[in-house]
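To start, the structure under review is shown below, and the notes come after it.
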Amino acid sequence: MNSELFEALELLEQERGIPVDFMIDRITKAIVTACKNSYGNEEARVEVNMDKGEFEVFLQKEVVEEVYDPHCEITLEDAKKIDPNAELEGFVEVQLNTKEFGRIAAQTARNIIRQGIRDGERGLMMQEFQSKHQELVSATVERIDPRTGAATLRIGKAEAVLPKSEQVGDEVLQEGDHIKVYIVDVRETEKGPRAMISRTHPDLVKRLFETEVPEIYDGIVEIKAVSREAGSRTKLAVLSHSEDVDAVGACIGTRGARVSTIVNELGGEKIDIVEYSDDPATFIASALSPANVLSVTVTDPETKACRVTVPDSQLSLAIGNKGQNARLAAKLTGWKIDIKPESGFYGEDDPTPAETQPAVKA
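Quick note: the sequence shown, position 335, residue 327 per the numbering used here, numbers continuous.
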(Lines of atoms letter the chains of each structure in order from A and count residues from 1; the text may use other names and numbers.)
(Lines give C-alpha, C1' and ligand atoms only; values in the text may rest on other atoms or scores of the structure.)
Protein backbone atom coordinates (compact mmCIF):
# COMPACT_ATOMS: atom_id res chain seq x y z
CA MET A 1 0.00 0.00 0.00
CA ASN A 2 1.80 3.09 -1.25
CA SER A 3 1.31 6.07 -3.50
CA GLU A 4 0.78 3.79 -6.51
CA LEU A 5 -2.17 2.16 -4.77
CA PHE A 6 -3.75 5.54 -4.03
CA GLU A 7 -3.30 6.48 -7.68
CA ALA A 8 -4.99 3.24 -8.67
CA LEU A 9 -7.91 3.98 -6.34
CA GLU A 10 -8.31 7.44 -7.85
CA LEU A 11 -8.38 5.87 -11.31
CA LEU A 12 -10.98 3.39 -10.06
CA GLU A 13 -13.13 6.30 -8.90
CA GLN A 14 -12.84 8.00 -12.29
CA GLU A 15 -13.59 4.89 -14.34
CA ARG A 16 -16.18 3.12 -12.19
CA GLY A 17 -17.39 5.90 -9.93
CA ILE A 18 -16.43 4.10 -6.70
CA PRO A 19 -15.32 6.77 -4.19
CA VAL A 20 -11.73 6.58 -2.94
CA ASP A 21 -12.92 7.03 0.66
CA PHE A 22 -15.20 3.99 0.28
CA MET A 23 -12.35 1.80 -0.92
CA ILE A 24 -9.92 3.13 1.71
CA ASP A 25 -12.44 2.15 4.37
CA ARG A 26 -12.76 -1.34 2.87
CA ILE A 27 -8.99 -1.75 2.57
CA THR A 28 -8.52 -0.64 6.17
CA LYS A 29 -11.01 -3.25 7.30
CA ALA A 30 -9.27 -5.82 5.12
CA ILE A 31 -5.93 -5.11 6.81
CA VAL A 32 -7.49 -5.37 10.28
CA THR A 33 -9.11 -8.69 9.34
CA ALA A 34 -5.81 -9.97 7.96
CA CYS A 35 -4.08 -9.07 11.25
CA LYS A 36 -6.69 -10.92 13.25
CA ASN A 37 -6.42 -14.01 11.06
CA SER A 38 -2.62 -14.06 10.85
CA TYR A 39 -1.62 -12.90 14.31
CA GLY A 40 -4.64 -13.74 16.43
CA ASN A 41 -4.61 -10.12 17.61
CA GLU A 42 -8.06 -8.53 17.85
CA GLU A 43 -6.60 -5.06 18.52
CA ALA A 44 -5.24 -3.94 15.18
CA ARG A 45 -5.43 -0.33 13.99
CA VAL A 46 -4.69 1.21 10.60
CA GLU A 47 -3.76 4.83 9.96
CA VAL A 48 -4.01 6.14 6.43
CA ASN A 49 -2.27 9.27 5.21
CA MET A 50 -3.89 10.20 1.90
CA ASP A 51 -1.61 13.19 1.33
CA LYS A 52 1.58 11.17 1.63
CA GLY A 53 0.14 8.03 0.06
CA GLU A 54 1.15 6.00 3.11
CA PHE A 55 -0.41 3.83 5.76
CA GLU A 56 0.69 2.39 9.08
CA VAL A 57 -0.53 -0.70 10.92
CA PHE A 58 -0.38 -1.02 14.69
CA LEU A 59 -0.92 -4.04 16.92
CA GLN A 60 -1.87 -3.41 20.53
CA LYS A 61 0.19 -5.62 22.84
CA GLU A 62 0.03 -6.23 26.56
CA VAL A 63 3.16 -5.46 28.62
CA VAL A 64 4.24 -8.63 30.47
CA GLU A 65 7.28 -9.98 32.31
CA GLU A 66 7.60 -13.02 30.05
CA VAL A 67 6.26 -13.24 26.51
CA TYR A 68 4.31 -16.35 25.54
CA ASP A 69 2.53 -14.90 22.50
CA PRO A 70 4.74 -12.40 20.61
CA HIS A 71 1.78 -11.26 18.51
CA CYS A 72 -0.18 -10.08 21.53
CA GLU A 73 2.45 -9.54 24.23
CA ILE A 74 5.64 -7.50 24.71
CA THR A 75 8.26 -7.28 27.46
CA LEU A 76 8.48 -4.19 29.64
CA GLU A 77 11.97 -3.47 28.30
CA ASP A 78 10.81 -3.44 24.68
CA ALA A 79 7.62 -1.56 25.57
CA LYS A 80 9.61 1.30 27.13
CA LYS A 81 11.46 1.72 23.85
CA ILE A 82 8.10 2.61 22.34
CA ASP A 83 6.59 4.40 25.31
CA PRO A 84 8.85 5.41 28.23
CA ASN A 85 5.77 5.48 30.49
CA ALA A 86 4.82 1.87 29.74
CA GLU A 87 4.03 -0.32 32.78
CA LEU A 88 3.41 -4.00 33.41
CA GLU A 89 -0.16 -5.13 32.59
CA GLY A 90 -0.54 -2.02 30.49
CA PHE A 91 -0.74 -1.82 26.71
CA VAL A 92 1.34 -0.28 23.95
CA GLU A 93 0.81 -0.04 20.20
CA VAL A 94 3.56 -1.64 18.14
CA GLN A 95 3.94 -0.57 14.54
CA LEU A 96 3.85 -3.56 12.24
CA ASN A 97 6.25 -3.99 9.37
CA THR A 98 3.87 -4.66 6.49
CA LYS A 99 6.43 -6.99 4.93
CA GLU A 100 5.55 -9.38 7.73
CA PHE A 101 2.19 -10.07 6.09
CA GLY A 102 2.16 -13.64 4.97
CA ARG A 103 0.44 -15.29 2.04
CA ILE A 104 -2.78 -15.92 3.97
CA ALA A 105 -2.97 -12.33 5.19
CA ALA A 106 -2.38 -10.97 1.69
CA GLN A 107 -5.01 -13.28 0.23
CA THR A 108 -7.50 -12.23 2.88
CA ALA A 109 -6.89 -8.58 2.11
CA ARG A 110 -7.21 -9.13 -1.65
CA ASN A 111 -10.52 -10.97 -1.28
CA ILE A 112 -12.01 -8.26 0.90
CA ILE A 113 -10.79 -5.54 -1.48
CA ARG A 114 -12.40 -7.34 -4.43
CA GLN A 115 -15.61 -7.68 -2.46
CA GLY A 116 -15.39 -3.99 -1.64
CA ILE A 117 -15.21 -3.15 -5.33
CA ARG A 118 -18.23 -5.35 -6.07
CA ASP A 119 -20.21 -3.83 -3.19
CA GLY A 120 -19.25 -0.36 -4.32
CA GLU A 121 -20.44 -1.02 -7.85
CA ARG A 122 -23.69 -2.56 -6.58
CA GLY A 123 -24.27 0.44 -4.35
CA LEU A 124 -23.68 2.84 -7.22
CA MET A 125 -25.99 0.83 -9.47
CA MET A 126 -28.72 0.88 -6.82
CA GLN A 127 -28.36 4.65 -6.48
CA GLU A 128 -28.45 5.01 -10.26
CA PHE A 129 -31.71 3.08 -10.52
CA GLN A 130 -33.39 4.50 -7.42
CA SER A 131 -32.76 8.07 -8.58
CA LYS A 132 -34.71 7.23 -11.74
CA HIS A 133 -37.44 5.09 -10.18
CA GLN A 134 -40.74 5.53 -12.07
CA GLU A 135 -39.04 7.87 -14.50
CA LEU A 136 -38.39 7.87 -18.23
CA VAL A 137 -34.74 7.27 -19.11
CA SER A 138 -32.66 7.05 -22.27
CA ALA A 139 -30.93 3.74 -22.83
CA THR A 140 -28.56 2.21 -25.35
CA VAL A 141 -29.07 -1.32 -26.62
CA GLU A 142 -25.88 -3.27 -25.93
CA ARG A 143 -26.89 -6.75 -27.00
CA ILE A 144 -29.89 -8.86 -27.96
CA ASP A 145 -30.44 -12.42 -26.77
CA PRO A 146 -31.11 -14.33 -30.03
CA ARG A 147 -33.08 -17.00 -28.18
CA THR A 148 -35.42 -14.92 -26.02
CA GLY A 149 -35.29 -11.56 -27.77
CA ALA A 150 -34.48 -9.83 -24.47
CA ALA A 151 -32.38 -6.70 -24.81
CA THR A 152 -29.56 -5.72 -22.46
CA LEU A 153 -29.55 -1.95 -22.11
CA ARG A 154 -26.97 0.50 -20.80
CA ILE A 155 -28.56 3.12 -18.54
CA GLY A 156 -25.90 5.54 -17.39
CA LYS A 157 -23.24 3.34 -15.78
CA ALA A 158 -25.71 0.55 -15.03
CA GLU A 159 -27.19 -2.31 -17.05
CA ALA A 160 -30.77 -3.57 -17.18
CA VAL A 161 -32.62 -6.20 -19.17
CA LEU A 162 -35.70 -5.37 -21.24
CA PRO A 163 -37.65 -8.63 -21.72
CA LYS A 164 -39.36 -9.27 -25.04
CA SER A 165 -42.72 -9.05 -23.25
CA GLU A 166 -41.95 -5.43 -22.28
CA GLN A 167 -41.02 -4.36 -25.82
CA VAL A 168 -43.49 -2.48 -27.99
CA GLY A 169 -45.40 -4.54 -30.55
CA ASP A 170 -43.24 -5.99 -33.29
CA GLU A 171 -40.40 -3.51 -32.89
CA VAL A 172 -36.99 -4.91 -33.77
CA LEU A 173 -34.21 -3.60 -31.57
CA GLN A 174 -30.61 -3.63 -32.72
CA GLU A 175 -27.30 -3.16 -30.94
CA GLY A 176 -26.49 0.54 -30.69
CA ASP A 177 -30.12 1.71 -30.81
CA HIS A 178 -31.07 4.56 -28.48
CA ILE A 179 -34.51 4.08 -26.92
CA LYS A 180 -36.66 5.38 -24.09
CA VAL A 181 -37.68 3.04 -21.27
CA TYR A 182 -39.71 3.43 -18.10
CA ILE A 183 -38.25 2.18 -14.80
CA VAL A 184 -41.21 0.48 -13.16
CA ASP A 185 -39.49 -0.77 -10.02
CA VAL A 186 -36.08 -1.30 -8.43
CA ARG A 187 -35.29 -4.41 -6.40
CA GLU A 188 -32.28 -5.70 -4.48
CA THR A 189 -31.59 -9.33 -5.42
CA GLU A 190 -28.90 -11.86 -4.58
CA LYS A 191 -27.21 -10.99 -7.85
CA GLY A 192 -27.35 -7.27 -7.13
CA PRO A 193 -29.75 -4.40 -7.85
CA ARG A 194 -32.25 -5.08 -10.61
CA ALA A 195 -34.35 -2.51 -12.43
CA MET A 196 -37.70 -3.64 -13.82
CA ILE A 197 -37.94 -1.68 -17.07
CA SER A 198 -40.68 -1.46 -19.68
CA ARG A 199 -41.73 0.09 -22.95
CA THR A 200 -45.31 -1.21 -22.63
CA HIS A 201 -46.24 0.42 -19.30
CA PRO A 202 -48.95 3.15 -19.60
CA ASP A 203 -46.79 5.56 -17.61
CA LEU A 204 -44.16 5.44 -20.36
CA VAL A 205 -46.58 7.39 -22.56
CA LYS A 206 -47.36 9.73 -19.68
CA ARG A 207 -43.67 10.52 -19.16
CA LEU A 208 -43.13 10.99 -22.90
CA PHE A 209 -45.86 13.63 -22.96
CA GLU A 210 -44.37 15.31 -19.89
CA THR A 211 -41.09 15.54 -21.80
CA GLU A 212 -42.58 16.82 -25.05
CA VAL A 213 -45.31 19.12 -23.70
CA PRO A 214 -44.04 22.03 -21.54
CA GLU A 215 -47.60 22.77 -20.37
CA ILE A 216 -47.75 19.33 -18.72
CA TYR A 217 -44.34 19.73 -17.11
CA ASP A 218 -45.38 23.16 -15.77
CA GLY A 219 -48.67 21.80 -14.36
CA ILE A 220 -50.91 23.87 -16.65
CA VAL A 221 -52.16 20.71 -18.35
CA GLU A 222 -52.72 17.56 -16.29
CA ILE A 223 -52.82 13.97 -17.49
CA LYS A 224 -55.79 12.47 -15.67
CA ALA A 225 -55.76 8.93 -17.05
CA VAL A 226 -53.98 6.68 -19.52
CA SER A 227 -55.13 3.41 -21.06
CA ARG A 228 -52.87 1.51 -23.40
CA GLU A 229 -52.50 -1.58 -25.51
CA ALA A 230 -48.81 -1.26 -26.28
CA GLY A 231 -47.80 -1.28 -29.90
CA SER A 232 -51.36 -0.70 -31.07
CA ARG A 233 -53.25 2.17 -29.42
CA THR A 234 -53.23 4.49 -26.41
CA LYS A 235 -55.91 6.81 -25.07
CA LEU A 236 -54.90 9.81 -22.99
CA ALA A 237 -57.29 12.00 -20.96
CA VAL A 238 -56.03 15.52 -20.27
CA LEU A 239 -57.36 18.55 -18.39
CA SER A 240 -56.34 22.20 -18.64
CA HIS A 241 -56.04 24.32 -15.49
CA SER A 242 -55.98 27.51 -17.55
CA GLU A 243 -58.79 28.97 -19.65
CA ASP A 244 -56.18 30.19 -22.12
CA VAL A 245 -54.74 26.74 -22.82
CA ASP A 246 -56.43 24.00 -24.83
CA ALA A 247 -55.25 20.77 -23.22
CA VAL A 248 -55.78 18.56 -26.27
CA GLY A 249 -54.23 21.12 -28.63
CA ALA A 250 -51.18 21.55 -26.38
CA CYS A 251 -50.55 17.80 -26.46
CA ILE A 252 -50.98 17.52 -30.20
CA GLY A 253 -48.75 20.52 -30.91
CA THR A 254 -48.48 22.67 -34.01
CA ARG A 255 -49.32 20.52 -37.03
CA GLY A 256 -49.19 17.51 -34.73
CA ALA A 257 -45.46 17.91 -34.08
CA ARG A 258 -45.52 16.95 -30.40
CA VAL A 259 -47.69 13.86 -30.66
CA SER A 260 -45.85 12.78 -33.83
CA THR A 261 -42.57 12.68 -31.93
CA ILE A 262 -44.11 10.33 -29.37
CA VAL A 263 -45.80 8.18 -32.02
CA ASN A 264 -42.43 7.76 -33.75
CA GLU A 265 -40.75 6.80 -30.46
CA LEU A 266 -43.42 4.12 -30.00
CA GLY A 267 -43.02 2.72 -33.49
CA GLY A 268 -46.23 4.15 -34.95
CA GLU A 269 -48.55 3.38 -32.03
CA LYS A 270 -51.81 5.32 -32.46
CA ILE A 271 -52.63 7.87 -29.75
CA ASP A 272 -56.07 9.33 -29.03
CA ILE A 273 -56.00 12.47 -26.86
CA VAL A 274 -59.35 13.36 -25.27
CA GLU A 275 -60.51 16.01 -22.84
CA TYR A 276 -61.19 14.88 -19.30
CA SER A 277 -64.43 15.86 -17.55
CA ASP A 278 -65.74 15.34 -14.02
CA ASP A 279 -69.10 14.60 -15.62
CA PRO A 280 -69.06 10.84 -16.38
CA ALA A 281 -71.36 11.11 -19.40
CA THR A 282 -69.23 13.81 -21.01
CA PHE A 283 -65.99 11.97 -20.26
CA ILE A 284 -67.30 8.64 -21.58
CA ALA A 285 -68.48 10.29 -24.79
CA SER A 286 -65.04 11.86 -25.28
CA ALA A 287 -63.28 8.60 -24.47
CA LEU A 288 -65.05 6.82 -27.33
CA SER A 289 -63.47 9.20 -29.82
CA PRO A 290 -63.16 9.13 -32.82
CA ALA A 291 -66.77 7.88 -32.77
CA ASN A 292 -69.63 10.32 -32.31
CA VAL A 293 -71.85 9.61 -29.30
CA LEU A 294 -75.55 10.52 -29.24
CA SER A 295 -76.22 9.84 -25.56
CA VAL A 296 -74.79 8.27 -22.42
CA THR A 297 -77.16 6.77 -19.84
CA VAL A 298 -75.93 5.65 -16.42
CA THR A 299 -77.55 2.28 -15.73
CA ASP A 300 -75.89 1.47 -12.41
CA PRO A 301 -73.88 4.19 -10.63
CA GLU A 302 -72.67 1.77 -7.94
CA THR A 303 -70.98 -0.59 -10.38
CA LYS A 304 -70.24 2.30 -12.75
CA ALA A 305 -72.13 0.83 -15.69
CA CYS A 306 -73.60 2.83 -18.55
CA ARG A 307 -75.26 2.49 -21.93
CA VAL A 308 -74.01 4.53 -24.86
CA THR A 309 -76.01 5.20 -28.01
CA VAL A 310 -74.22 5.94 -31.28
CA PRO A 311 -75.42 6.41 -34.87
CA ASP A 312 -75.77 3.12 -36.72
CA SER A 313 -72.99 4.17 -39.07
CA GLN A 314 -70.66 4.81 -36.10
CA LEU A 315 -71.18 1.50 -34.28
CA SER A 316 -68.16 -0.29 -35.70
CA LEU A 317 -66.00 2.80 -35.12
CA ALA A 318 -67.16 3.11 -31.49
CA ILE A 319 -66.47 -0.54 -30.79
CA GLY A 320 -63.23 -0.61 -32.75
CA ASN A 321 -61.26 -3.49 -34.20
CA LYS A 322 -61.87 -6.53 -31.98
CA GLY A 323 -63.52 -4.20 -29.45
CA GLN A 324 -60.32 -2.22 -28.83
CA ASN A 325 -61.80 1.30 -28.88
CA ALA A 326 -64.55 0.41 -26.39
CA ARG A 327 -62.10 -1.54 -24.23
CA LEU A 328 -59.61 1.33 -24.02
CA ALA A 329 -62.41 3.82 -23.32
CA ALA A 330 -63.59 1.66 -20.44
CA LYS A 331 -60.09 1.44 -18.99
CA LEU A 332 -59.65 5.18 -19.39
CA THR A 333 -62.91 6.14 -17.65
CA GLY A 334 -63.34 3.30 -15.18
CA TRP A 335 -66.86 2.62 -16.47
CA LYS A 336 -68.36 -0.52 -18.00
CA ILE A 337 -69.66 0.61 -21.37
CA ASP A 338 -72.49 -1.07 -23.30
CA ILE A 339 -72.67 0.40 -26.80
CA LYS A 340 -75.98 0.40 -28.68
CA PRO A 341 -76.81 1.60 -32.22
CA GLU A 342 -79.39 4.35 -32.61
CA SER A 343 -81.83 2.02 -34.38
CA GLY A 344 -81.62 -0.48 -31.55
CA PHE A 345 -80.56 -3.25 -33.93
CA TYR A 346 -77.06 -4.55 -34.56
CA GLY A 347 -75.93 -5.09 -38.12
CA GLU A 348 -75.15 -8.65 -39.14
CA ASP A 349 -71.44 -7.90 -39.19
CA ASP A 350 -71.38 -5.87 -35.97
CA PRO A 351 -70.38 -7.85 -32.88
CA THR A 352 -72.14 -7.22 -29.61
CA PRO A 353 -69.54 -5.54 -27.38
CA ALA A 354 -68.47 -7.46 -24.34
CA GLU A 355 -68.33 -5.79 -20.94
CA THR A 356 -65.10 -3.98 -20.46
CA GLN A 357 -62.88 -3.72 -17.42
CA PRO A 358 -62.19 -0.83 -14.98
CA ALA A 359 -59.64 1.81 -15.89
CA VAL A 360 -55.97 1.87 -15.19
CA LYS A 361 -55.42 5.34 -13.68
CA ALA A 362 -52.38 7.34 -14.53
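All residues carry an ideal CB built from backbone N, CA and C; glycine is no exception.
Predicted model only: the values in this text are computed from it and were never measured.
Could you name the residues of the same chain whose beta carbon sits closer than 6 Å to that of residue i, not counting the 5 residues immediately before and after it, in chain order?
i	result
Arg110	none
Ser287	Thr301
Val240	Ile265, Glu267
Ser269	Phe275
Lys72	Ala78
Asn284	Gln306
Leu51	Asn33, Ala36, Val86, Leu88
With a Cβ-Cβ cutoff of 9 Å, do residue i and residue j count as a contact?
i	j	result
Lys156	Thr140	yes
Ile215	Leu228	yes
Ile23	Val49	yes
Ile263	Arg225	yes
Glu261	Gly315	no
Apart from the five residues on each side of it in sequence, which residues of its chain come closer than 7 Å, Cβ to Cβ, to residue i?
i	result
Leu4	Ile10, Met15
Glu347	Only weak support is given to the placement of Glu347: the predicted model assigns it a pLDDT of 43, under 50, and the question is left unresolved by the model.
Ile74	Val84, Val86
His193	Tyr174, Val176
Val12	Leu1, Glu2, Glu5
Leu258	Val160
Lys28	Glu34, Ala36
Residue i: beta carbon under 8 Å from a heavy atom of the ligand NAP?
i	result
Ile74	As far as ligands go, the structure on display features none, and thus does not contain the ligand NAP.
Taking the beta strand (DSSP E) that residue i belongs to, which residues open and close that run?
i	result
Arg220	213 to 221
Pro272	Careful: Pro272 lies outside any beta strand (DSSP E), inside the alpha helix (DSSP H) at 272 to 279.
Ser252	Where Ser252 is concerned, there is no enclosing beta strand (DSSP E), although the alpha helix (DSSP H) it sits in stretches over 249 to 257.
For the alpha helix (DSSP H) containing residue i, name the first residue and the last one.
i	result
Ile23	12 to 31
Glu197	One point to set straight first is that residue 197 is Val, not Glu, in the sequence displayed. Start and end: 194 to 204.
Asp70	68 to 74
Asn317	316 to 325
Leu286	It is not in any alpha helix (DSSP H) - Leu286 carries neither H nor E in the DSSP assignment.
Val240	239 to 244
Ala310	307 to 311
Quick one: residues in its chain with C-beta nearer than 8 Å to the C-beta of residue i, no 5 flanking neighbours on either side, listed in chain order?
i	result
Gln166	Val133, Ile136
Lys332	Arg299, Val300, Thr301, Val302
Thr291	Ala297, Cys298, Arg299, Asp330
Ile244	Arg250, Val251, Ile265
Leu80	Val55, Val56, Glu57, Leu68
Val205	Val213, Ala242, Cys243, Gly245, Arg250
Glu334	Leu286, Thr301, Val302, Pro303, Asp304
**Prompt:** How do the region 192 to 201 and the region 169 to 179 stand: do at least 3 beta-carbon pairs fall below 8 Å, yes or no?
**Reply:** yes
**Request:** Give a yes or no on contact between the region 55 to 72 and the region 25 to 37, applying the rule of three or more CB pairs nearer than 8 Å.
**Result:** Enough Cβ pairs lie closer than 8 Å, so yes.
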